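See below for the structure under consideration.
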Amino acid sequence: MVKELKGTPVKVGYLSPGIVVTDLLVPPPAQRGKSWERSKRILNILADRVETVTPFLVEGMLAARKSGTAVRWLTDGRIRWRFVKSLFVRRDLFTSLGY
506 MVKELKGTPV KVGYLSPGIV VTDLLVPPPA QRGKSWERSK RILNILADRV
556 ETVTPFLVEG MLAARKSGTA VRWLTDGRIR WRFVKSLFVR RDLFTSLGY
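Residue numbers (my numbering): 506 to 604.
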């Protein structure tokens with residue numbers, strides 16, 4: 506699509522928000538068991554709230570000057586840092602959201 510739109514005023518880019526906590530990510534209460542608790546441990550390390558990721562993505566989109574620009578929130582470096590940090594700091598993204 507980037508090639509197709511070259512020379513036009515339309516810009517095409519790539520958005521990579523990572524893992525964002527939404528209703529689509531969280532199973533219904535009846536389906537939350539041991540596997541959900543295991544998943545939650547990893548999600549608390551890697552996931553983010555919509556209100557955290559959205560401003561970064563919007564700023565990246567607005568700053569993009571050419572087609573093909575990638576805006577990535579959850580980079581490899583950020584993933585590594587999150588796992589190291591998780592040894593010392595516990596995150597809980599779900600309790601305050603009612604999950």
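By construction, the Cβ of each residue, glycine as well, lies at the ideal position given by its N, Cα and C atoms.
Only a predicted model underlies this, so the values are computations on that prediction, with no experimental measurement involved.
In this structure, the beta-carbon distance from Gly518 to Ala569 falls below 7 Å. With a beta-carbon spacing of about 11 Å, Thr527 and Val558 fall beyond the 8 Å limit used to define contacts. The region 571-586 makes contact with the region 507-514: 3 or more CB pairs, one atom from each, lie closer than 8 Å. Taking every protein chain shown into account, the CB of Ala552 has 16 or more other CB atoms within 10 angstroms, so this residue is buried. Under DSSP, Tyr519 takes part in a beta bridge, and its partners are Ala575. When DSSP states are grouped into helix, strand and coil, Asp553 belongs to the strand group. Considering only Arg596, Phe588, Ile524 and Val589, the residue with the shortest C-alpha distance to Asn549 is Arg596. Apart from the 5 residues on each side of it in sequence, Lys545 sits with its Cβ closer than 7 Å to the Cβ of Phe599 in its chain, given in chain order. Val525 counts as buried, since no fewer than 16 other beta carbons sit within 10 angstroms of its beta carbon.
Within the same chain, Gly518, Tyr519, Leu520, Ser521, Phe561, Leu562, Gly565, Met566 and Ala569 come within 8 Å of Val576 by CB-CB distance, once the 5 residues on both sides are set aside.
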